[in-house]
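Residue numbers for the sequence shown follow the working numbering, so the first one is 626 and each next one is one higher.
Think of the CB as a built atom: it goes at the ideal place given N, C-alpha and C, for glycine as much as any other residue.
Have a look at the structure below before the remarks.
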Amino acid sequence: MTRGLFIVIEGLDRTGKSTQCAQLLNHFSVSGTNAALIKFPDRTTSIGQMINSYLQSKTDINDNAIHLLFSANRWEMSQNITDTLNQGTTIIADRYAYSGVAYSVAKGLDYTYCKYPDRGLPMPDKVFFLDLPPQLAQQREDYGDERYESLDMQTRVREAFMKLLIDNQYIHKIDVTGQSIDSVHDTLKQQLEPLLTQQQQPIKHTLFM
Ligand code: Z5A
Ligand code: MG
626 MTRGLFIVIE
636 GLDRTGKSTQ
646 CAQLLNHFSV
656 SGTNAALIKF
666 PDRTTSIGQM
676 INSYLQSKTD
686 INDNAIHLLF
696 SANRWEMSQN
706 ITDTLNQGTT
716 IIADRYAYSG
726 VAYSVAKGLD
736 YTYCKYPDRG
746 LPMPDKVFFL
756 DLPPQLAQQR
766 EDYGDERYES
776 LDMQTRVREA
786 FMKLLIDNQY
796 IHKIDVTGQS
806 IDSVHDTLKQ
816 QLEPLLTQQQ
826 QPIKHTLFM
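Rendered as C-alpha cells:
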C-alpha cells in the first residue's frame with residue numbers, strides 16, 4: 626500500500642490557512658482520497674489546554690517553557706501522524722513546527738535553539754507558506770483576539786518565516802495578496818500533483834536545515 630502525503634499549511638495569523646486546509650480536505654474527499662485534517666496547537670490535549678490558556682492570555686508561561694510545550698504538543702501526536710500516513714491516509718496540517726520556530730524567534734529566542742526540540746518529527750512532503758502582508762491580514766475578521774496578534778509581532782514573525790524559507794527550500798511561498806479563496810486553492814492543487822511519486826518513499830524525519 627502507498628502511504629499518504631503529509632501536507633502542511635503555514636502562515637501568519639488570518640492568512641487563510643484554515644480556509645485552505647478545509648478546501649484541500651474537501652478536494653481529497655471528492656477525488657476519493659482518504660485524508661485527515663490536523664491542527665497545531667492541538668488544544669484538546671492536556672498540554673494543548675495549557676497552550677490555549679496561554680494564547681488567550683489567561684496564564685503567563687516562560688518563553689522557553691511555552692516553546693517546549695508547543696513542540697511537546699506535536700510530539701504527542703507524532704506516532705499518530707506516522708501511523709495514519711502509513712495506513713495510506715493523507716494528512717493536511719494547519720500549522721506545524723515552522724510556526725513553532727517563527728513565533729519564538731520573533732519573541733527573541735535563538736533561531737538554532739528553537740529548531741532543536743522538533744528535530745526528528747515526521748517530515749512533511751510539502752510545506753506551503755501563505756504570504757500576506759501583516760497590514761492586510763490585520764484587516765481580516767476577528768484579528769487581534771489572541772496573544773501575538775499585533776502588527777509589530779506579526780512583522781517579526783514574517784521575518785523569521787523568511788529565514789526559514791531561505792534555509793529550507795522545500796517550503797513553498799504562495800503570495801495570496803489579492804487572491805480569492807478559489808484561486809489560492811487552485812494554486813495549491815497544481816503544486817500537489819508532482820508530489821504523488823513521493824508516496825512511494827518512506828517518511829523522512831529531517832525537518833530543518
Ligand atoms: N503558535 C506558536 O507560537 N507556536 C507553535 O508551535 C504553533 C502556533 C503551532 C495559534 O493560532 C497561535 O499559536 C498562533 C501561532 C501560535 N498565533 N497567534 N495568535 P491559530 O492557528 O489557532 O489561529 P491563527 O493563526 O490566528 O489563525 P487563524 O485565526 O486560524 O487564521 P487562518 O486560519 O490563517 O485564516 P482563516 O480562518 O482561514 O481566514 C481568516 C479570515 O480571512 C476569514 O474570515 C476568512 O473567510 C478570510 N479569508 C480566507 N482566505 C481569504 C482570501 N483568499 N481572501 C479574502 N479573505 C479570506
Ligand atoms: Mg486558522
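Report yes if the CB atom of residue i is closer than 7 Å to the CB atom of residue j, and no otherwise.
i           : j           : result
residue 725 : residue 695 : yes
residue 719 : residue 798 : no
residue 740 : residue 833 : yes
residue 742 : residue 698 : no
residue 633 : residue 721 : yes
residue 717 : residue 813 : no
residue 626 : residue 769 : no
Rank the options by C-alpha distance to the C-alpha of residue i and give the top, closest one.
i           : options            : result
residue 629 : 643, 662, 641, 642 : 662
residue 840 : 777, 690, 723, 728 : In the structure as shown, the chain starts at 626 and stops at 834, and residue 840 therefore has no counterpart that could be examined.
residue 659 : 778, 631, 831      : 631
residue 752 : 769, 770, 794, 736 : 794
residue 775 : 759, 734, 709      : 759
residue 671 : 656, 702, 657, 651 : 702
residue 692 : 705, 734, 652      : 734
Could you round the C-beta distance between residue i and residue j to whole angstroms and report it? I think they count as a contact, below 8 Å.
i           : j           : result
residue 641 : residue 756 : The Cβ separation is near 11 Å, so there is no contact.
residue 583 : residue 679 : It is not possible to answer for residue 583, since the shown part of the chain is limited to 626 through 834.
residue 796 : residue 754 : 6 Å
residue 730 : residue 690 : The pair is not a contact, with the Cβ atoms about 16 Å apart (cut-off 8 Å).
residue 715 : residue 828 : The pair is not a contact, with the Cβ atoms about 12 Å apart (cut-off 8 Å).
residue 638 : residue 804 : Not confirmed; about 17 Å, so no contact.
Could you tell me whether the Cβ of residue i comes closer than 7 Å to any Cβ of chain C?
i           : result
residue 807 : Checking the listed chains, one finds no chain C in this structure; it contains a single protein chain.
Exercise for review: For the region 674 to 692 and the region 744 to 756, state whether three or more C-beta atom pairs, one from each stretch, are separated by less than 8 Å.
Suggested key: no
Check your understanding: Quick one: complete alpha helix (DSSP H) runs, 4+ long, within the region 676 to 701?
Key -> none
**Study point:** Three or more C-beta pairs below 8 Å linking the region 764 to 782 and the region 811 to 829
**Key:** no
Exercise for review: Pick out the complete beta strand (DSSP E) segments inside the region 787 to 827, 3 residues or longer, and give them in chain order.
Suggested key: 796 to 800
Practice item. At 3 residues or longer, and completely inside the region 722 to 770: list those beta strand (DSSP E) runs for me, N to C. Key: 751 to 756
Point to revise | alpha helix (DSSP H) runs wholly inside the region 634 to 671, at least 4 long, in chain order | key: 642 to 655
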